[in-house]
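Numbers 56 to 281, taken from the numbering used here, label the letters of the sequence shown in order.
First comes the structure, then the notes that go with it.
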Amino acid sequence: MQEVAHNHDFMSALARGPYPWLGNQFSYNTSFFTFCNYIENALNAASTNLPSEDDVGVDKALEGYAKWWKEVKLPNYGAKDRYPESNTTNSTGCFNTYNASSPIFTDTTPSNVMNRQWLWMTCNEPFGNWKAGAPPGNPSLVSRLITTDYWQIQPVERNQRFGEREAQSPLQGTEQVPVEIVPGGGHVSDLSTKNGKLNAGVKEVQDRVLKQLIDWVKEWSENQQR
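Here you go:
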């Protein structure tokens with residue numbers, strides 16, 4: 056990682072440990088639990104010999120984090136890319152967000168590795184959805200070097216406002232705008248039809264959402280005919 060020139064990029068790379076949690080679904084698991092095993096120093100531990108929170112501690116957790124990064128994340132992170140500049144073992148070029156000529160930013164094909172379409176939406180819509188450090192005085196999983204400004208330099212900055220909804224409490228649903236909660240669900244569990252086939256709770260939510268969409272479209276159609 057000594058080739059990573061910018062502190063922001065360095066800390067952003069290391070923060071990727073918890074990210075796979077977002078990808079866990081009823082139909083498949085990501086590498087998140089492997090990451091957890093490294094953090095707990097419990098790669099080969101039996102279920103009856105797992106460490107408690109007190110047994111792990113910060114020192115052991117950091118040691119496990121470093122071991123996970125060196126053995127799991129870094130070796131093939133860039134190698135999975137199709138770009139020659141980073142398609143090597145232990146490549147760090149893909150972490151450089153300051154290189155505007157990098158293929159992760161210049162590749163405009165629909166299947167680009169960087170997912171430029173998503174980056175554009177985070178700023179243009181704008182819903183953000185960036186992983187940033189917590190305010191000073193609060194525990195933080197992500198370095199405070201990682202801010203919204205850091206993420207905004209990657210897509211074109213077009214908006215100054217990022218929504219006004221208070222984010223610490225859930226939206227209160229109404230009959231017209233109901234709130235649906237997937238039992239035991241994770242990130243966007245309701246978007247996958249596979250999840251609905253595997254989990255009855257997901258299927259029930261999906262069915263109610265479809266009914267609501269039909270009602271909304273019907274309501275709109277009736278208003279247009281008046």
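Backbone N, C-alpha and C fix where the C-beta goes; we use that ideal spot for every residue, glycine too.
Asked: Buried versus exposed call for F81 [16 or more other C-beta atoms within 10 Å across all chains shown]; Found: buried
Asked: As assigned by DSSP and simplified to three states, the class of F65; Found: helix
Asked: Contacting residues, own chain, Cβ-Cβ under 8 Å from T202 (five flanking each side not counted); Found: A187 and G188
Asked: Validate contact between the stretch 107-116 and the stretch 265-276 using beta carbons, cut 8 Å, 3 pairs; Found: no
Asked: Within 8 Å, strictly: CB atoms of Q261 and G251; Found: yes
Asked: Opening and closing residue of the alpha helix (DSSP H) in which P158 lies; Found: P158 to T161
Asked: Nearest candidate by alpha-carbon position, reference Y93, set D270, V243, W123 and L200; Found: W123
Asked: Span separating the alpha-carbon of P165 from that of Y138; Found: 15 Å
Asked: Boundaries of the alpha helix (DSSP H) in which P130 is found, first to last residue; Found: L129 to Y132
Asked: Beta-carbon contacts of P75 that lie in its chain and below 8 Å, excluding the five residues immediately before and after; Found: T85, S86, F87 and F90
Asked: Through-space distance from G133 to G148, alpha-carbon basis; Found: 8 Å
Asked: Straight-line Cα distance separating Q280 from D270; Found: 16 Å
Asked: Start-to-end residues for the alpha helix (DSSP H) that takes in L155; Found: Note that residue 155 corresponds to Ala in the displayed sequence, not to Leu. Where A155 is concerned, there is no enclosing alpha helix (DSSP H), given that its DSSP letter is neither H nor E.
Asked: Alpha carbon of L77 to alpha carbon of D245, nearest angstrom; Found: 13 Å
Asked: Boundaries of the alpha helix (DSSP H) in which D262 is found, first to last residue; Found: A255 to Q279
Asked: Collapsed DSSP secondary structure at A189 in the structure displayed; Found: coil
Asked: Whether Q257 touches V237 by CB criterion (8 Å); Found: Per the sequence shown, the amino acid found at residue 257 is Val instead of Gln. Closer than 8 Å, so yes.
Asked: Classification of S146 by the beta-carbon crowding that lies within 10 angstroms, buried from 16 upward; Found: buried
Asked: Burial state of V197, where buried means 16 or more other Cβ atoms lie within 10 Å; Found: buried
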